[in-house]
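Trainee: Starting off with a structure, shown below.
Protein chains: 2
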Amino acid sequence: MTADDRPIPSVWARPGREKREQPALSRQQIVAEAVRLLDAEGVDALSMRKLGTRLGAGATSLYRHVANKDELVELAVDEVFGELRAPDMGDPERWREATAACAQGLRAVILRHPWIASMLGAMANYGPNLMRLSEDLLGTLETAGFSLAEANSAMSAVFAYVIGMTSSEAAWLTMLARSGQSEDEWAERLKPALEGLTRTHPRLGALFTAHADEDPVRLREQEFAYGLDRILDGLALARAGGPAPA
Amino acid sequence: MTADDRPIPSVWARPGREKREQPALSRQQIVAEAVRLLDAEGVDALSMRKLGTRLGAGATSLYRHVANKDELVELAVDEVFGELRAPDMGDPERWREATAACAQGLRAVILRHPWIASMLGAMANYGPNLMRLSEDLLGTLETAGFSLAEANSAMSAVFAYVIGMTSSEAAWLTMLARSGQSEDEWAERLKPALEGLTRTHPRLGALFTAHADEDPVRLREQEFAYGLDRILDGLALARAGGPAPA
DNA sequence: CCAACTGGCGAACACTGTACGCATGGCGGA
DNA sequence: TCCGCCATGCGTACAGTGTTCGCCAGTTGG
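Protein sequences, first through last, are from chains A and B. Just so you know, we're using the working numbering here: the first sequence kicks off at 335 and counts up by one. Just so you know, we're using the working numbering here: the second sequence kicks off at 335 and counts up by one.
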């Protein structure tokens, strides 16, 4: 601690508090900065003190605007969901494209903010932004001919798929980022263990070698699209009241 | 601190260490106790000190068998995946039942240990038990006629759906448990806000009232089964090489 | 029989979330 | 114009956290 940090001994010498030009701290601002911090440094780096410092405020000041750290996180999660809008194509027959766009958008949001992957399983989310998204997608599905209850089931299924798929993707990516290695370096590092893997798990080994030369980003996109298409196929079948496939 | 807790002043008076009958601490034992603790008290209650005390050991002793808390959690997650076996029905045509059973089993495991929901999004999981499960399910799908790559995509889709769906279920249930209220009490408490909800989000409001009198447990089972069936429908269609539904 | 190694542990460190109480300034009413 | 109130910021403090380090007892291998 240097001399400058020491508290001023005389009351009279203490400088007047600088003027409070603007409220300087608002819930919106705090949440926005929290999102920035989470994006930049990941979930482990979010602490009240660090966030306060970033805002030029003390750690405990935040509690005037936010009850908990948990509540703050809840707000941050819904904040990023606010980036997403359910697309409205006019034609009810284009429900499939609309739903797919919604799913792709959700995936993009999660990959832009990988830390929410670690939150979604830890808290029940009922923020206003997610509710608006749900309401809109429900509308799209309902006008496409699904009953309300079935529209809800369909939406839940699609969201669950997207969240599950993208969460593991995000988890893999953050783990990669933490390790500081590229995807290729990882693959290279695992090569020696591949022989043992192929012996005990031949199919996984084959998959590993088969995917070794492909672009992992595009690969994940295709994997995601495949599952999404299968779900939408299934939903289309149900909408048509069609028979179950053999 | 009472007198009894004080360290013994004289070296000579210090009691001899009690005999080490068994190794008393092993990685298996630690992981098993961690799972028990997580099951009993939830994810926030897991601390190295508490876990050590439960095992009759000091907190830092655990580090002889486990590198990190993170590593411990990884081990615990894979431990519970060990409860699951991919069923092997002899008939390749029964791939659908086998996959469904696998999905239902995974759901059951997650609901039995709700805390893993908060882990799955936070770490890439490649434990041996999950790998064995994957390998087996891949086998089932491959002998059912899927190419290896497509079997992998299908498996990823199913797992992602199950994890996404069940994670939010688990999150809701733990949140309920923390609040100490029953599901009905929650519904009752939200009744006053329902009017406002129905005004801004009519479909969500209608769903809320429609589900008010149903058994929530059975409701969630049905919701889960619906999405799972749609995915399996879609996969069956793809396996048959059938045309995309309208 | 001694050496090396293993496993357990107490103390310490840097940090965490958060409760409490005080200080400060702006604002509404007299 | 002044006074009292109230919202807001913040310093301090507390109980806990994960983890490192060094010490020590017991076991094991040469």
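Note that beta-carbon positions come from the ideal geometry of N, C-alpha and C, so glycine has one too.
What residue from A:568, A:460, A:558 has the CA that sits closest to residue 524 (chain B)'s CA?
Mentor: A:460
Trainee: Looking only at its chain, what residues have a beta carbon closer than 8 Å to the beta carbon of residue 526 (chain B), apart from the 5 residues adjacent to it on each side?
Mentor: none
Trainee: Is there at least one Cβ from chain A nearer than 8 Å to residue 486 (chain B)'s Cβ?
Mentor: It does: the Cβ of residue 486 (chain B) has a partner Cβ on chain A nearer than 8 Å.
Trainee: Any chance the segment 444–451 of chain B sits against the segment 491–511 of chain A, with 3 or more Cβ pairs inside 8 Å?
Mentor: no
Trainee: What alpha helix (DSSP H) runs, 4 residues minimum, are completely inside the segment 358–414 of chain A?
Mentor: 361–375, 382–388
Trainee: Between residue 601 (chain B) and residue 372 (chain B), is the Cβ-Cβ spacing less than 8 Å?
Mentor: Limits of chain B in this structure are 335 at one end and 580 at the other, which puts residue 601 (chain B) out of reach.
Trainee: Can you have a look at residue 516 (chain B) and say buried or exposed, based on whether 16 or more other CB atoms are within 10 angstroms of its CB?
Mentor: Residue 516 (chain B) comes out exposed.
Trainee: Taking beta-carbon pairs under 9 Å, can you tell me which members of the segment 523–549 of chain B lie near chain A?
Mentor: Residues passing the 9 Å Cβ filter: 531, 534, 535, 536, 537, 538, 540, 541, 544, 545.
Trainee: Are the beta-carbon atoms of residue 410 (chain A) and residue 365 (chain A) separated by less than 8 Å?
Mentor: Cβ distance < 8 Å, so residue 410 (chain A) and residue 365 (chain A) count as in contact.
Trainee: Leaving aside the five residues before and after residue 558 (chain B) along the sequence, list all residues of the same chain whose C-beta is less than 6 Å from its C-beta, in chain order.
Mentor: 499
Trainee: Give me the chain A residues within the contact set of residue 506 (chain B), using Cβ-Cβ distance strictly less than 7 Å, ordered along the chain.
Mentor: 458
Trainee: Given a cut-off of 8 Å, decide if residue 538 (chain B) and residue 293 (chain A) are closer than it, judged by their beta-carbon atoms.
Mentor: Nothing can be reported for residue 293 (chain A): it is not among the residues displayed for chain A, which extend from 335 to 580.
Trainee: Return yes when the C-beta of residue 392 (chain A) is under 7 Å from any heavy atom of the ligand FAD, and no when it is not.
Mentor: By its list of ligands, the structure shown contains no ligand whatsoever, and the ligand FAD lies outside what it can speak to.
Trainee: Which chain B residues sit within Cβ distance under 8 Å of residue 476 (chain A)?
Mentor: 537
Trainee: Nearest-angstrom Cα distance between residue 397 (chain B) and residue 406 (chain B)?
Mentor: 10 Å
Trainee: Under three-state DSSP, which class holds residue 478 (chain A)?
Mentor: coil
Trainee: By a C-beta neighbour count over all protein chains shown, 10 Å radius and 16 as the cutoff for buried, is residue 440 (chain B) buried or exposed?
Mentor: buried
Trainee: What residues in its chain sit with their C-beta under 7 Å from that of residue 388 (chain B), if we drop five residues either side in the sequence?
Mentor: 367, 371
Trainee: Hey, out of B:422, B:393, B:361, whose CA is closest to residue 399 (chain B)'s CA?
Mentor: B:361
Trainee: Which chain B residues sit within Cβ distance under 8 Å of residue 565 (chain A)?
Mentor: 491, 495, 561, 564, 565, 568
Trainee: Just checking: is the beta-carbon of residue 381 (chain B) within a distance shorter than 8 Å of some beta-carbon in chain A?
Mentor: no
Trainee: Pairing CB atoms from the segment 541–561 of chain B with CB atoms from the segment 547–558 of chain A, are three or more of them under 8 Å?
Mentor: Judged by Cβ distances under 8 Å, the segment 541–561 of chain B makes no contact with the segment 547–558 of chain A, as fewer than three pairs qualify.
Trainee: Got a sec: is the Cβ-Cβ distance from residue 465 (chain A) to anything in chain B below 8 Å?
Mentor: yes
Trainee: Would you report the Cα separation of residue 404 (chain B) and residue 506 (chain B), rounded to the nearest angstrom?
Mentor: 24 Å
Trainee: Return the chain-ordered ranges of every alpha helix (DSSP H) run that is complete within the segment 431–479 of chain B and spans a minimum of 4 residues.
Mentor: For the segment 431–479 of chain B, whole alpha helix (DSSP H) runs of length 4 or above, ordered along the chain, are 451–454, 462–477.
Trainee: Could you round the C-beta distance between residue 568 (chain A) and residue 565 (chain B) to whole angstroms and report it? I think they count as a contact, below 8 Å.
Mentor: The C-beta separation of residue 568 (chain A) from residue 565 (chain B) comes to about 6 Å, placing the pair in contact by the 8 Å criterion.
Trainee: Using a beta-carbon distance below 8 Å, is residue 385 (chain A) in contact with chain B?
Mentor: By this cut-off, residue 385 (chain A) is not an interface position.
Trainee: Is the Cβ-Cβ distance between residue 474 (chain A) and residue 432 (chain A) less than 8 Å?
Mentor: yes
Trainee: Counting contacts by CB-CB distance shorter than 8 Å, is residue 575 (chain B) in contact with chain A?
Mentor: no
Trainee: Look at the Cβ atom of residue 455 (chain A), then the Cβ atom of residue 513 (chain B), and state whether they are nearer than 8 Å.
Mentor: no
Trainee: Does DSSP classify residue 417 (chain B) as helix, strand or coil?
Mentor: coil
Trainee: Using CA coordinates, which residue listed in A:369, A:572, A:422, A:509 is at the minimum distance from residue 487 (chain A)?
Mentor: With respect to the C-alpha of residue 487 (chain A), the residue from A:369, A:572, A:422, A:509 having the closest C-alpha is A:572.
Trainee: From residue 485 (chain A) to residue 476 (chain A), what distance separates their C-alpha atoms?
Mentor: 6 Å
Trainee: Please state whether the Cβ-Cβ distance between residue 426 (chain A) and residue 478 (chain A) is less than 8 Å.
Mentor: yes
Trainee: With burial defined as no fewer than 16 other Cβ atoms inside 10 Å of the residue's Cβ, what is the status of residue 386 (chain B): buried or exposed?
Mentor: buried
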